[in-house]
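Sequences listed follow chains V and L, in order.
In terms of my numbering, the first sequence has 59 at position 59, counting the first letter as 1, and numbering is strictly consecutive.
To convert, take the position in the second sequence, counting from 1, and add 1000; that gives my numbering.
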Amino acid sequence: MNKKSLSQLQIVLSKGDFAVTAECGPPRGSDPGVISKKAELLKGYVDAVNVTDNQTAIVRMSSITACTHLLQMGLEPVMQMVTRDRNRIALQSDIMGAYSLGIKNILCLSGDHQSFGSQPDAMNVFDIDSIQLIHAVRAMREEGKDMSGFDLKEPPRMFIGAAANPFADPFEYRVIRLAKKIDAGVDFIQTQCVYNLDRFKEWIKMAREEGLTEKAHILAGVTPLKSAGMAKYMAEKVAGMDVPESVIKRMASVPKEKCPEEGIKLCVETIAELREIKDVHGVHIMAIEWEEKVGEVVKAAGLLPRPEPT
Amino acid sequence: MIVGEQKPLAEIKKTVAPYKKLLILGCGTCVKTCFAGGEDEVATLTSALRLTLKKDGKEIEIEELTIERQCEDEFIQEAAEAIARNDAVLSLACGAGVQDIARRFDKVPVLPGVNTTFIGVLEKQGLFTEECVGCGDCELATFGGICPIARCSKRLLNGPCGGSKDGKCEIDPDIDCAWQLIIDRLKTLGQLDNLRNYIPPKDWRSSNAGGPRKLVREDHII
Ligand code: SF4
Ligand code: SF4
Chain V
1 MNKKSLSQLQ IVLSKGDFAV TAECGPPRGS DPGVISKKAE LLKGYVDAVN VTDNQTAIVR
61 MSSITACTHL LQMGLEPVMQ MVTRDRNRIA LQSDIMGAYS LGIKNILCLS GDHQSFGSQP
121 DAMNVFDIDS IQLIHAVRAM REEGKDMSGF DLKEPPRMFI GAAANPFADP FEYRVIRLAK
181 KIDAGVDFIQ TQCVYNLDRF KEWIKMAREE GLTEKAHILA GVTPLKSAGM AKYMAEKVAG
241 MDVPESVIKR MASVPKEKCP EEGIKLCVET IAELREIKDV HGVHIMAIEW EEKVGEVVKA
301 AGLLPRPEPT
Chain L
1001 MIVGEQKPLA EIKKTVAPYK KLLILGCGTC VKTCFAGGED EVATLTSALR LTLKKDGKEI
1061 EIEELTIERQ CEDEFIQEAA EAIARNDAVL SLACGAGVQD IARRFDKVPV LPGVNTTFIG
1121 VLEKQGLFTE ECVGCGDCEL ATFGGICPIA RCSKRLLNGP CGGSKDGKCE IDPDIDCAWQ
1181 LIIDRLKTLG QLDNLRNYIP PKDWRSSNAG GPRKLVREDH II
């Protein structure tokens, strides 16, 4: 890869800086103002911003478009792409298009099932899975070929990410799956939100023993809690989430109006602990519809200033 | 077997309404086994339909017949006379049976009385489960005999997804996560290493995505 094509996220990670990424959900409509507002809140506090792709299967402005809006505002996007809605033809075509627009990071996902979303009557695609998508994006970058083996002129050279959930079952298999993602060509991993640090550490240890932490940068996911109710909801209702009883108790122990503050405090403490873990190279802050707090978290965690984009 | 479920009576009543003489045609194979369209179901449906039509003051003459299979000409011909005597056929076979009857009797309206749901098994009394979607290139050897295409909600070949919890699928706590089953089974067989290898994208040409399929057996052509 030539220097010019490197993403800022890649530069930060390869220099060994502790990276900070956040998330921006596109609006349910065509108003770019929603994105610029979120972008303003995040600018200067993060190295890159994930843009979700019809997250939880709710129809929203496309990820590519929202990424382009971010680029125009001087923020670096990480384009999330799910295999739920597009077959391999559409995926490859969109990746080429995205790269032509200046989008340099991709996060490959299979996506939430449409039964969770606003249009559960839709047909899904799932032509390929997330690992096969990673493979395809890497082949474009490294071999300059599309999935049919055709030589591309100006192939997209994406910095490739994937998600990992250290808390999902079957636990012992999670590391095998992580290995598969890394072998397929992943450069960085963003994990599910960490509330259970013990289990997270155990997972990292297993990954380290397999030599995986040397092959990809691991960014630990965090989400500041707003209330005890939110903690409980996540513990019980959100697939693949692990919120220990102690966290719920802690949130419930403070008066309601103090909960957001406590949630931020807890989040900052978690980041401090995560920074102590040798093979954690950054944090991914998912403050869903609470973007105004990202700056506060980053500042309190002592992660400012962010490295200047080169 | 092909698993199906009888359509609601109200829907059946509506579709048969235009006809005066109706043949309810059962099938004695798959749909019989899943209690949707065998002899017994034909009889029950006939009485129920008669009753509700009578209540509405409508008159339709109904004849009952069940043949061994509606997907084989040899058996279909046994129904020829009954079909000829009636204005329409309500077939309680799977979608293939309905179409085979329609193919062989081109002047008779053939109506479906069953919703064909899947290729599956009777897992236990009263419970039928989907096992196969007929992808045309069986990969069960890799997956310890559990099909991720039919049984994982996202058809993941390199699963599981991040939503698998306590052995259940993220979309419904009543559905087993196929990938948990695959992993457990391969562990038992000592073949967990099958899953370390990357499984490339499937060639869907052998499936329905490649257009309607045909199977030609030269050795059976006479
Ligand atoms: S791999 Fe294909 S043929 Fe085999 S069980 Fe699954 S869907 Fe059926
Ligand atoms: S939970 Fe299991 S069965 Fe459900 S989509 Fe994920 S891997 Fe497939």
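For every residue, glycine included, the Cβ atom is placed at its ideal position computed from N, Cα and C.
TODO: Compare the C-beta of V/D94 against all C-beta atoms of chain L and say whether one is closer than 9 Å.
DONE: In the first sequence, counting from the first residue as 1, residue 94 of chain V sits at position 94. No, V/D94 lies away from the interface with chain L (no Cβ there is under 9 Å from its Cβ).
- [ ] Run the CB neighbour count on L/H1220, radius 10 Å, all protein chains shown included, and call it buried at 16 or more, exposed below.
- [x] Here the question's residue 1220 of chain L lines up with position 220 in the second sequence. Classification for L/H1220: exposed.
Open item on the list: At the 9 Å Cβ level, is V/F188 part of the contact set with chain L, yes or no?
Closed with: Here the question's residue 188 of chain V lines up with position 188 in the first sequence. Output row for V/F188: interface = no.
Open item on the list: Along the region 1200–1211 of chain L, where does the CB come closer than 9 Å to a CB of chain V? Name the residues.
Closed with: P1200, P1201, K1202, W1204 and A1209
Open item on the list: Mapping the DSSP letters down to three states, classify V/G295 as helix, strand or coil.
Closed with: Within the first sequence, numbered from 1, the residue matching residue 295 of chain V stands at position 295. In the structure shown, V/G295 sits in a helix (DSSP, three-state: H, G or I).
Open item on the list: Is L/S1153 near ligand 4 - that is, is its Cβ less than 8 Å away from at least one heavy atom of it?
Closed with: Of the ligands one can find in the structure shown, namely ligand 1 and ligand 2, none is ligand 4.
Task: Bridge partners - V/Q119, DSSP secondary structure assignment - done: For the purposes of this step, residue 119 of chain V is identified with residue 119 of the first sequence, where counting begins at 1. The partner list for V/Q119 (beta bridge, DSSP) is empty, contrary to what the question assumes.
Task: Contact list for the region 71–101 of chain V against chain L, Cβ threshold 7 Å - done: R88
- [ ] Scan the region 44–72 of chain V for residues whose Cβ lies nearer than 7 Å to a Cβ of chain L and list them as they occur along the chain.
- [x] none
Open item on the list: Could you check whether the Cβ of L/L1223 sits closer than 9 Å to any Cβ belonging to chain V?
Closed with: Here chain L covers residues 1001 to 1222 and nothing more, so residue 1223 of chain L does not appear.
Open item on the list: With a threshold of 8 Å (Cβ to nearest heavy atom), would L/A1150 be considered close to ligand 1?
Closed with: Mapped onto the second sequence, residue 1150 of chain L falls at position 150. Result yes, Cβ under 8 Å from ligand 1.
Open item on the list: Only counting the same chain, and skipping five residues up and downstream in sequence, which positions put a Cβ closer than 8 Å to that of V/K3?
Closed with: Taking the first sequence and counting its residues from 1, the one referred to as residue 3 of chain V is at position 3. Bear in mind that a pLDDT of 45 at V/K3, under 50, signals an unreliable position, so the number given afterwards is only what the model happens to contain. Excluding residues within five positions, none has a Cβ falling inside 8 Å.
Task: Length of the line joining the Cα atoms of L/L1022 and V/I128 - done: The sequence position of residue 1022 of chain L within the second sequence is 22, counting from 1. The sequence position of residue 128 of chain V within the first sequence is 128, counting from 1. L/L1022 and V/I128: Cα-Cα distance of roughly 47 Å.
Open item on the list: I want to know whether the region 1170–1184 of chain L touches the region 143–153 of chain V - three or more CB-CB distances under 8 Å.
Closed with: no
- [ ] Within the same chain, show all residues whose beta-carbon is closer than 6 Å to that of L/E1032, passing over the 5 residues directly before and after it, in chain order.
- [x] For the purposes of this step, residue 1032 of chain L is taken as the residue at position 32 of the second sequence. In the sequence on display, residue 1032 of chain L carries Lys and not Glu. Excluding positions up to five away in sequence, the list reads G1038.
Open item on the list: Bridge partners for L/D1172 per DSSP, in chain order?
Closed with: Position 172 of the second sequence holds residue 1172 of chain L. Its beta-bridge partners are L/C1169.
- [ ] Go to L/K1077, then tell me how far its alpha helix (DSSP H) extends in each direction, as first and last residue.
- [x] Along the second sequence, one-based indexing puts residue 1077 of chain L at 77. With the sequence shown as reference, residue 1077 of chain L is identified as Gln, and Lys is not the correct amino acid for it. Element bounds for L/Q1077: n/a, residue is neither H nor E.
Open item on the list: Within 9 Å of any Cβ in chain L, is that where the Cβ of V/P170 sits?
Closed with: Position 170 of the first sequence, counting from 1, holds the residue named residue 170 of chain V. Output row for V/P170: interface = yes.
Open item on the list: When you compare the CB of V/M180 with every CB in chain L, is at least one pair closer than 9 Å?
Closed with: Along the first sequence, read from residue 1 onward, the residue named residue 180 of chain V stands at position 180. This sequence places Lys at residue 180 of chain V; Met is not what is there. By this cut-off, V/K180 is an interface position.
Open item on the list: Going by DSSP in three states, V/G221 sits in which element: helix, strand or coil?
Closed with: The residue you call residue 221 of chain V lines up with position 221 of the first sequence. Residue state, collapsed to three classes: strand.
TODO: Answer yes or no: the CB of V/E236 versus the heavy atoms of ligand 2, is any distance below 8 Å?
DONE: As a position in the first sequence, residue 236 of chain V is number 236, starting the count at 1. Checking the Cβ of V/E236 against ligand 2 gives no.
TODO: Could you tell me whether the Cβ atoms of L/C1135 and L/C1071 are closer together than 9 Å?
DONE: Here residue 1135 of chain L refers to the residue found at position 135 of the second sequence. Here residue 1071 of chain L refers to the residue found at position 71 of the second sequence. Going by C-beta atoms, L/C1135 is not nearer than 9 Å to L/C1071.
Task: Which residues DSSP lists as bridging V/L154, in chain order - done: In the first sequence, counting from the first residue as 1, residue 154 of chain V sits at position 154. Checking the sequence shown, residue 154 of chain V turns out to be Glu, not Leu. For V/E154, which the question treats as bridged, DSSP gives no partner whatsoever.
Open item on the list: For V/A39, would you say it is in contact with chain L, using Cβ-to-Cβ distances shorter than 9 Å as the test?
Closed with: What you label residue 39 of chain V is simply residue 39 of the first sequence in a count that begins at 1. Taking Cβ atoms only, chain L never reaches closer than 9 Å to V/A39, which makes this a no.
- [ ] Determine, using beta carbons only, whether V/D53 and V/L109 come nearer to each other than 9 Å.
- [x] For the purposes of this step, residue 53 of chain V is taken as the residue at position 53 of the first sequence. For the purposes of this step, residue 109 of chain V is taken as the residue at position 109 of the first sequence. A contact, by the Cβ cut-off of 9 Å.
TODO: With a threshold of 16 other CB atoms inside 10 Å of the CB of L/R1205, please say whether the residue is buried or exposed.
DONE: To locate residue 1205 of chain L, count along the second sequence from 1; it is residue 205. So L/R1205 ends up on the exposed side.
Task: Alpha-carbon spacing of V/M1 relative to V/R157, whole angstroms - done: What you label residue 1 of chain V is simply residue 1 of the first sequence in a count that begins at 1. What you label residue 157 of chain V is simply residue 157 of the first sequence in a count that begins at 1. In this prediction, V/M1 has a pLDDT of 42, which is less than 50 and means its spatial position is unreliable; what the coordinates show is noted afterwards. So the two alpha carbons sit approximately 8 Å from each other.
Open item on the list: Using the three-state DSSP reduction, which class does V/G74 fall into: helix, strand or coil?
Closed with: Here residue 74 of chain V corresponds to residue number 74 of the first sequence, with the count starting at 1. Coil, per DSSP.
Open item on the list: I'd like to know whether the C-beta atoms of L/L1009 and L/L1045 end up nearer to each other than 9 Å.
Closed with: Taking the second sequence and counting its residues from 1, the one referred to as residue 1009 of chain L is at position 9. Taking the second sequence and counting its residues from 1, the one referred to as residue 1045 of chain L is at position 45. Against a cut-off of 9 Å, the Cβ pair of L/L1045 and L/L1009 comes out as a contact.
- [ ] Under 7 Å between beta-carbons, which chain L residues line up against V/A19? List them in chain order, please.
- [x] Mapped onto the first sequence, residue 19 of chain V falls at position 19. Those do not exist, as V/A19 stays about 21 Å from chain L at its closest Cβ, beyond 7 Å.
- [ ] Compare the C-beta of L/C1135 against all C-beta atoms of chain V and say whether one is closer than 9 Å.
- [x] Numbered from its first residue, the second sequence carries residue 1135 of chain L at position 135. No - not a single Cβ of chain V is within 9 Å of the one on L/C1135.
TODO: Quick one: using the 10 Å Cβ neighbour count with 16 as the cut-off for buried, is L/L1186 buried or exposed?
DONE: On the second sequence, position 186 is the one that residue 1186 of chain L refers to. Result: buried.
Task: Close Cβ partners of L/R1104 (< 6 Å) along its chain, the five nearest in sequence each way excluded - done: Indexing the second sequence from 1 puts residue 1104 of chain L at position 104. Excluding residues within five positions, the ones whose Cβ falls inside 6 Å are I1076.
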